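S.K.:
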Amino acid sequence: MKLHHVETSATYRYPDPGELNTRIIVRRLRNTPDSTVGFDDVYPDSFKAWAKVMQVGATIYQNSAQLNDVITHFITLRYRRDRHITRDYEVVMGDSVFHVKRVRDLNYAHRFWLLECEESGHEPRRRRGHGYTAY
């Protein structure tokens, strides 16, 4: 009897040229104690990147919600050898903030990352000069 090779994971399509068309900021979130009984958010490591941002379908959302690990968006960006993204990271796109739930190296080729994220709200506006800016 001949054994056949079985793929254990899907083969993903790489983004086409022009699909990485959204500017994002990827940053590591750390909570440090403040002078009261609370915490301050500190971002010791961040970088800008071009990404493809895509909302997930209803089936993926429902299945992830049943596991209490909600996924709302897939974010694809170029792989960086000098970085290692973990669950401690967030993605900021405009005023929206996405918490990274899982990171996949697409096809294990070290070319693109696929971040599975949950939208966690909006970036608080910061005062600069005469008005408020988003970041």
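Everything in the sequence shown is counted per the numbering used here, starting at 119 for the first residue and increasing by one. Backbone N, C-alpha and C define an ideal beta-carbon position, used for all residues, glycine too. Predicted, not measured: the structure shown is a model, and the values here were computed from it.
For Asn-63, does the three-state DSSP call read helix, strand or coil?
M.R.: No information on residue 63 is available, as it lies outside the stretch 119 to 253 that the chain covers here.
S.K.: Of the choices Arg-198, Phe-230 and Val-221, whose alpha-carbon is the least far from that of Arg-205?
M.R.: Nearest of Arg-198, Phe-230 and Val-221 to Arg-205, Cα basis: Val-221.
S.K.: Per DSSP, what kind of secondary structure is Ala-227 in: helix, strand or coil?
M.R.: Of the three classes helix, strand and coil, the one that applies to Ala-227 here is coil, per DSSP.
S.K.: From the DSSP output, which residues share a beta bridge with Tyr-207?
M.R.: BP columns for Tyr-207 point to Arg-146.
S.K.: Comparing C-alpha positions only, which one of Trp-231, Leu-147, Arg-131 and Lys-219 sits nearest to Pro-162?
M.R.: The shortest Cα separation from Pro-162 among Trp-231, Leu-147, Arg-131 and Lys-219 belongs to Leu-147.
S.K.: Need the endpoints of the beta strand (DSSP E) that Leu-195 sits in, please.
M.R.: Run containing Leu-195: 191-196, per the beta strand (DSSP E) assignment.
S.K.: Who are the near neighbours of Ala-169 in its chain, counting only those whose CB is closer than 7 Å to its CB and skipping five residues on each side?
M.R.: Cβ neighbours of Ala-169 beyond the five flanking positions: Leu-138, Thr-140, Ile-142, Ile-193, Thr-194 and Leu-195.
S.K.: Which residues in the same chain have their Cβ closer than 8 Å to the Cβ of Gly-249, if we skip the five residues on either side of it in sequence?
M.R.: Confidence is the limiting factor: at Gly-249 the pLDDT is only 41, short of 50, which leaves the residue's position unreliable and the question unanswerable from this model.
S.K.: Can you name the start and end residues of the beta strand (DSSP E) that Tyr-161 belongs to?
M.R.: Where Tyr-161 is concerned, the enclosing beta strand (DSSP E) stretches over 157-173.
S.K.: Quick one: residues in its chain with C-beta nearer than 7 Å to the C-beta of Arg-245, no 5 flanking neighbours on either side, listed in chain order?
M.R.: In this predicted model, Arg-245 has a pLDDT of only 39, less than 50, meaning its place in the structure is not dependable; the value taken from the coordinates is given anyway. Excluding positions up to five away in sequence, the list is empty.
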